[in-house]
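Take the sequence shown: its letter number 116 is residue 136 in my numbering, and every next letter is one higher. Just so it is clear, CB atoms sit at the ideal spot from N, CA and C, and this is done for glycine as well. What follows is a set of notes on a single structure, which appears directly below.
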Amino acid sequence: ERLNYDIKLCSTSIGPHKDDFEFCLNDDNLKFYGSQGQQRIAVLCLKLSEIEIFKKYKESTPILLLDDVFSELSDDKKNNLLKYISKDIQTIITTTELNNLDSKLVKKSKLFKIESGKLIKIKEVMNNG
Numbered sequence: 021e022r023l024n025y026d027i028k029l030c031s032t033s034i035g036p037h038k039d040d041f042e043f044c045l046n047d048d049n050l051k052f053y054g055s056q057g058q059q060r061i062a063v064l065c066l067k068l069s070e071i072e073i074f075k076k077y078k079e080s081t082p083i084l085l086l087d088d089v090f091s092e093l094s095d096d097k098k099n100n101l102l103k104y105i106s107k108d109i110q111t112i113i114t115t116t117e118l119n120n121l122d123s124k125l126v127k128k129s130k131l132f133k134i135e136s137g138k139l140i141k142i143k144e145v146m147n148n149g
């Protein structure tokens, strides 16, 4: 019904990208009363729960893209997130730093950097065997 309108708009006018979510902690809206870290964790919880729903209904695991996910998170929360997603979820993470991350988890990763517009492999995945 909205196709012609969306073409004129050069955007889709309805869909999940137009939904607004409110995350609350102890009846307080995190948008107004939560720290940046609490807001980030709430969104991550939603994303991770979507993976479980996808796995249940599609019987496969999606690829997870986390862009600049580590900003605003404590070191403990960063490492807990890495432990959770390292189970069986192929994940692409963009970040500007790897400081204070669990070295065992980092060793299991393929690391790349972008330098002068080129993608450069830093290291291969370490074999744990």
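Next item on the list: Could you round the C-beta distance between ASP87 and THR114 to whole angstroms and report it? I think they count as a contact, below 8 angstroms.
Entry: 5 angstroms
Margin query: Given a cut-off of 8 angstroms on the beta-carbon distance, is the pair ILE142 and ILE109 in contact?
Written below: no
Margin query: So the candidates are LEU125, LEU118 and PRO82; which of them puts its Cα closest to the Cα of LYS133?
Written below: LEU118
Note to self: Please return the same chain residues whose Cβ sits closer than 7 angstroms to the Cβ of ASP122, not counting the five positions on each side in sequence.
What the structure shows: ASN99 and LEU102
Item checked: Anticipated Cβ contact below 8 angstroms, PHE74 with PRO82, distance rounded -> 5 angstroms
Notebook entry, point to check: Residues bridged to LYS138 by DSSP?
Noted result: GLU135
Next item on the list: Count the other CB atoms, across all protein chains shown, that sit within 10 Å of the CB of ARG60; report buried if there are 16 or more and exposed otherwise.
Entry: buried
Item checked: As assigned by DSSP and simplified to three states, the class of CYS30 -> coil
Check: Below 8 angstroms between beta carbons: does that hold for ASP40 and SER33?
Finding: no
Next item on the list: Taking only runs that begin and end inside the segment 57–107, name each unbroken beta strand (DSSP E) of 3 or more residues, in chain order.
Entry: 84–87
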